[in-house]
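Numbering (the numbering used here), first residue to last: 1 to 289.
The C-beta atom is built at its ideal place from N, Cα and C for all residues, glycine as well.
If you're wondering where the values come from, they're calculated on a predicted model, not measured in any experiment.
Take a look at the structure below.
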């Protein structure tokens, strides 16, 4: 159960699209993430000094908003923040193709709709992303673009301070994913795990799995050995989609998952985010507001 200070008043549901940090999120940022104006200024100075002295990051001018994403993710623990940022830099330099936007024409295909960003937030302010992998067709969209689209979405989502502070909840629907088995190599599974946990500065509050399959069992048997107890305690397996309503208000869930939301489509936002991502660099981008 969320505390009163970390949720909207009287369980009000917010739209995903907002243009300022809500009052409850400001409180959360201070109480949960340890952010104060003084601590932010001091931490930014310390972090910039460490990055300046490091051979991998010396000479790079990282955007302040980008650095704050990592500070918030690590609750202003400088050592953890620096290590997290180093992980990001190493991945960016080693696998630079992952950080590119995808060609716009892919958004004309069904394959681009395997990630669904819901238009409403949870009462605790979390953004919700549904992964329907079965919609992805590797003959329509190469696996490289599949991976790029995941990173694009999350680095763009994190330009919203509300997402930095409140975090994300994920629903992974594994119905009809047997074809995906060939992509579940230990290298690919570890790449997704390492990128999500060690490189992206996101707060992952809940991870839900529905329609269990051989693919899900394979992935889980690999990644469960790497996950901390904290993350494992936030993972939920469901025998049917209606169990999601024990965790999400019916009003914010699509009808196919037992909710009342008729139009869960935020495809235009994702397409625009991909265009914004064309301006992305290792130095980061400013917040949207």
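Expected contact under 8 Å - CB spacing of residue i and residue j to nearest Å
| i | j | result |
| --- | --- | --- |
| residue 38 | residue 76 | Not quite, the Cβ-Cβ distance comes to about 11 Å (not below 8 Å), so this is no contact. |
| residue 247 | residue 206 | 7 Å |
| residue 119 | residue 16 | 5 Å |
| residue 237 | residue 172 | Wrong, their Cβ atoms sit about 10 Å apart, outside the cutoff. |
| residue 189 | residue 231 | Residue 189 to residue 231, Cβ: 15 Å. No contact. |
| residue 89 | residue 56 | 5 Å |
| residue 193 | residue 226 | 6 Å |
| residue 116 | residue 264 | 6 Å |
| residue 82 | residue 60 | Not a contact, Cβ separation roughly 14 Å. |
| residue 78 | residue 47 | 6 Å |
| residue 202 | residue 158 | 6 Å |
| residue 234 | residue 257 | Not confirmed; about 19 Å, so no contact. |
Beta carbon of residue i nearer than 7 Å to that of residue j
| i | j | result |
| --- | --- | --- |
| residue 177 | residue 133 | yes |
| residue 101 | residue 240 | no |
| residue 259 | residue 250 | yes |
| residue 109 | residue 140 | yes |
| residue 13 | residue 252 | yes |
| residue 24 | residue 284 | no |
| residue 215 | residue 174 | yes |
| residue 160 | residue 288 | yes |
| residue 210 | residue 169 | no |
| residue 80 | residue 87 | no |
| residue 254 | residue 261 | yes |
| residue 156 | residue 64 | no |
| residue 92 | residue 99 | yes |
| residue 135 | residue 114 | yes |
| residue 314 | residue 137 | Residue 314 is absent from the model: the chain starts at 1 and stops at 289. |
Bridge-paired residues (DSSP) for residue i
| i | result |
| --- | --- |
| residue 204 | 168 |
| residue 174 | Answer is none; residue 174 lacks a bridge partner. |
| residue 115 | 131 |
| residue 209 | 172 and 237 |
| residue 254 | 261 |
| residue 120 | 15 |
Any non-hydrogen atom of the ligand SAH within 6 Å of residue i CB
| i | result |
| --- | --- |
| residue 121 | As presented, the structure is devoid of all ligands, the ligand SAH included, so that no description of it is given. |
Min CB distance residue i to chain B below 7 Å
| i | result |
| --- | --- |
| residue 57 | The chain inventory of the structure shown lacks chain B, comprising one protein chain alone. |
Practice task
Output the residue ranges of the alpha helix (DSSP H) runs that lie fully inside the region 125-160 and measure 4 residues or longer, sorted by chain position.
Solution key: Runs of the alpha helix (DSSP H) lying entirely within the region 125-160 and spanning at least 4 residues, in chain order: 143-157.
Practice task
For the region 12-86, list the alpha helix (DSSP H) runs that are entirely contained and at least 4 residues long, ordered along the chain.
Solution key: Qualifying alpha helix (DSSP H) stretches, in chain order: 23-31, 37-53 and 64-73.
Problem - Unbroken stretches of the alpha helix (DSSP H), 4 residues or longer, contained in the region 222-246 - result: Within the region 222-246, complete alpha helix (DSSP H) segments of at least 4 residues are found at 229-232, given in chain order.
Practice task
Would you check if there are 3 or more beta carbon pairs closer than 8 Å linking the region 56-74 to the region 162-170?
Solution key: yes
Problem - Sufficient close CB pairs (3 or more, under 8 Å) joining the region 146-154 to the region 40-49 - result: no
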